[in-house]
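Novice:
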Amino acid sequence: MRPRLIVQKLNGGLGRRNPSADMITGSVMNAVATSEMVLGNIYTLKNIQEVEALGLSEEYDQTNKVLVYERLRRFFVHNPSITVYFMPVAQGVTLTQMVDKDNQYLARLLRDKAGEIVQACVSLNPDKNHSPIIETGLDKDSIDAIYKAQALADAEWAKDRYCEIYIEGRSFSGTSAAVLNLRTLLSECPDISVVIGADYEVSSRDDLYKGYAAVEDYAAMVSKADVSQNAGEQINDFNLTHVDEKTFIIPGLSSGNKLSEYSDTDLDNLDDRGYIYFAPIVNLGGISSTAGIYINDTHTCAKITSDFAYGENNRTIKKAIKLAKAALTPKVKGRIYVDENTGFMAPETVKDLETITKVSLDPMVAAGDISGGVDAYINPEQNVLATSEFIVLLTFIPVAIGRRITLKVGFRNPLNTQ
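Using this note's numbering, the letters of the sequence shown correspond one by one to residues 23 to 440.
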């Protein structure tokens with residue numbers, strides 16, 4: 023090729039962001055304090071410069087044998103518009119302790135941000151003496167954290183704060199057929215997801231990192247997805263591979279091994295059991311525009327038959343609840359007119375409340391986050407005079423996700439009339 027000057031137009035240098043409330047993410051992880059970063063404090067991070075302002079860098083990670091900078095930078099590699107509320111905690115704190123509703127870690131972070139955080143993740147950066155206890159193919163700390171995290175999510179729900187919690191599924195071991203089935207837990211945990219996928223380049227840096235899982239990468243991808251959208255959708259927006267940023271060139275698992283070392287049967291087993299990992303989509307003959315590494319699915323720790331078996335189901339219903347609640351809250355302690363003859367709610371009052379409730383979901387209809395069919399119903403024969411209470415039923419038709427598509431291809435003979 024002849025010598026010439028090659029010009030490339032860059033994008034993103036102005037640092038423009040396009041944030042939304044659906045992107046606000048919480049992060050709790052172990053760290054080593056710096057002069058700029060106090061353990062237990064909450065920091066608002068909107069770009070990599072604010073991460074570095076805490077005294078965090080590649081050198082910090084290397085010196086302290088941790089992945090704090092690496093984990094945090096992944097948020098902004100995948101979603102430059104994300105807002106992360108970050109709490110660093112001491113290295114002795116376990117995942118289970120981080121998510122315990124009675125401890126001052128994730129519970130305090132969610133309480134402090136008063137419902138702003140819609141998804142949060144917890145991860146370990148253990149010291150060199152850490153030795154995981156393996157139970158049913160996973161670090162017992164990760165398993166115990168699932169139940170504690172659901173208890174926290176339930177407590178937050180009772181306070182009208184709705185959040186998805188993502189657990190780092192550390193130190194995957196044994197066989198895929200013997201690992202704990204997250205779809206059949208002793209008690210369902212529909213607000214919780216477990217990530218065992220890893221970036222092999224990170225896992226292979228040090229023996230201490232072999233048990234790590236890339237839970238922050240998952241949270242970042244979810245944050246950029248519409249609430250009804252699967253964050254593993256096979257479009258370029260959700261490709262985890264960034265060559266320039268050296269992310270996800272080779273996928274792995276929290277076993278420290280490459281994903282390619284596992285059979286298709288192994289990966290199917292893990293998927294069936296509700297684990298989240300990152301899998302390659304190959305470039306078929308050079309014609310695929312979506313070759314890369316993608317999330318296998320957005321599993322939660324609920325039964326496969328549950329309405330909330332996948333993350334986008336949760337995110338959709340929780341956003342609908344927020345919008346409807348915002349519309350109806352001004353009516354609390356408001357005057358409810360009743361029919362002077364029957365004592366039941368007046369027809370015009372019922373109609374007004376039903377309309378207010380229905381139109382609250384208009385933004386979701388416009389954004390394509392629900393298919394439509396929004397309906398609100400109030401039984402007018404409720405004795406509000408006696409109880410000061412009434413029930414509003416709000417329903418809608420969600421968006422479906424095409425998880426499996428069967429393409430039937432064959433020849434056709436135009437002379438064959440049958």
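Quick reminder that beta carbons are idealized off the backbone N, C-alpha and C, glycines included. The model shown is predicted, which means the values in this text are computed figures rather than measured ones.
1) Can you give me the C-alpha to C-alpha distance between residue 46 and residue 142, rounded to a whole angstrom?
2) Considering only C-alpha positions, which residue in the set 188, 123, 133 is nearest to residue 146?
3) If I follow the unbroken alpha helix (DSSP H) through residue 120, where does it start and stop?
4) Shortest alpha-carbon distance to residue 210 belongs to which of 321, 100, 132, 283?
5) Exposed or buried, which one is residue 110 when buried takes at least 16 other CB atoms within 10 Å?
6) Say whether the region 229–243 touches the region 370–382, bearing in mind that this needs 3 or more beta-carbon pairs closer than 8 Å, one atom from each stretch.
7) Are the C-beta of residue 255 and some C-beta of chain D separated by less than 8 Å?
8) Quick one: measure Cβ to Cβ for residue 13 and residue 261, integer angstroms, because I've assumed they're closer than 8 Å.
9) When you compare only the Cα positions, how much space is there between residue 284 and residue 391?
10) Output the residue ranges of the beta strand (DSSP E) runs that lie fully inside the region 58–89 and measure 3 residues or longer, sorted by chain position.
11) Under 8 Å by Cβ, that's how I've got residue 44 and residue 249 pegged, so tell me the actual separation to the nearest angstrom.
12) Report the residue ranges of all beta strand (DSSP E) runs contained in full by the region 164–246; include only those spanning at least 3 residues, in chain order.
13) Measuring CB to CB, does residue 382 end up less than 8 Å from residue 408?
14) Below 7 Å CB to CB, which residues in the same chain sit around residue 223 once its five sequence neighbours on both sides are set aside?
15) Near residue 200, which residues of its chain fall below 8 Å by C-beta distance, leaving aside the five closest residues on each side in sequence?
16) Have a look at 245, 130, 423 and flag the residue whose alpha-carbon is nearest the alpha-carbon of residue 174.
17) What do you reckon, are the CB atoms on residue 228 and residue 325 nearer than 8 Å?
18) Going by alpha carbons, who is nearest to residue 217 out of 113, 77, 300?
19) In its own chain, which residues sit with a C-beta less than 6 Å from the C-beta of residue 415, not counting the 5 before and 5 after it?
20) From residue 196 to residue 132, what does the alpha carbon distance come to, in whole angstroms?
21) Please look up how many angstroms separate the CB atoms of residue 276 and residue 194, rounded, as I've assumed it's under 8 Å.
22) From which residue to which residue does the alpha helix (DSSP H) around residue 144 run?
23) I want to know whether the region 332–347 touches the region 241–255 - three or more CB-CB distances under 8 Å.
24) Would you tell me roughly how many angstroms separate the C-alpha atoms of residue 428 and residue 258, rounded to the nearest one?
25) Roughly how many whole angstroms lie between the Cα atoms of residue 355 and residue 331?
26) Classify residue 403 as helix, strand or coil using the three-state DSSP reduction.
27) Can you name the start and end residues of the alpha helix (DSSP H) that residue 335 belongs to?
28) In the DSSP assignment, find the alpha helix (DSSP H) that holds residue 302 and state where it starts and stops.
29) Could you have a look at residue 441 and say whether DSSP puts it in helix, strand or coil?
30) Could you please give the first and the last residue of the uninterrupted alpha helix (DSSP H) stretch that includes residue 417?
31) Whole-angstrom Cβ separation of residue 121 and residue 170, contact assumed at under 8 Å?
32) Give me the residue from 91, 70, 73 with the minimum Cα distance to residue 80.
33) Please list, in chain order, all residues of the same chain as residue 214 whose beta carbon is under 6 Å from its beta carbon, the five residues on each side excluded.
34) For residue 150, I'd like the list of residues in its chain whose CB is within less than 7 Å of its CB, leaving aside the five on either flank, ordered along the chain.
35) Taking the alpha-carbon of residue 16 as reference, which of 423, 403, 55, 302 has the nearest alpha-carbon?
36) What three-state label does DSSP hand residue 158 in the structure shown?
Specialist: Inspection of the coordinates gives the following:
1) 9 Å
2) 188
3) 117–121
4) 321
5) buried
6) no
7) Protein chain content of the structure displayed is limited to a single chain, and chain D is not contained in it.
8) In this structure the chain extends from 23 to 440, so residue 13 is not present and cannot be described.
9) 36 Å
10) 65–67
11) 6 Å
12) 186–190, 214–217, 219–221
13) no
14) 268, 271, 272
15) 158, 159
16) 130
17) no
18) 300
19) 399
20) 35 Å
21) 5 Å
22) Unbroken run through residue 144 is the beta strand (DSSP E), 141–145; no alpha helix (DSSP H).
23) yes
24) 22 Å
25) 36 Å
26) coil
27) 333–350
28) From DSSP, residue 302 is part of no alpha helix (DSSP H) but of the beta strand (DSSP E) over 300–303.
29) It is not possible to answer for residue 441, since the shown part of the chain is limited to 23 through 440.
30) Careful: residue 417 lies outside any alpha helix (DSSP H), inside the beta strand (DSSP E) at 415–420.
31) 5 Å
32) 91
33) 168, 171, 172, 187, 323
34) 87, 230
35) This structure cannot speak to residue 16, because the chain is shown only from 23 to 440.
36) coil
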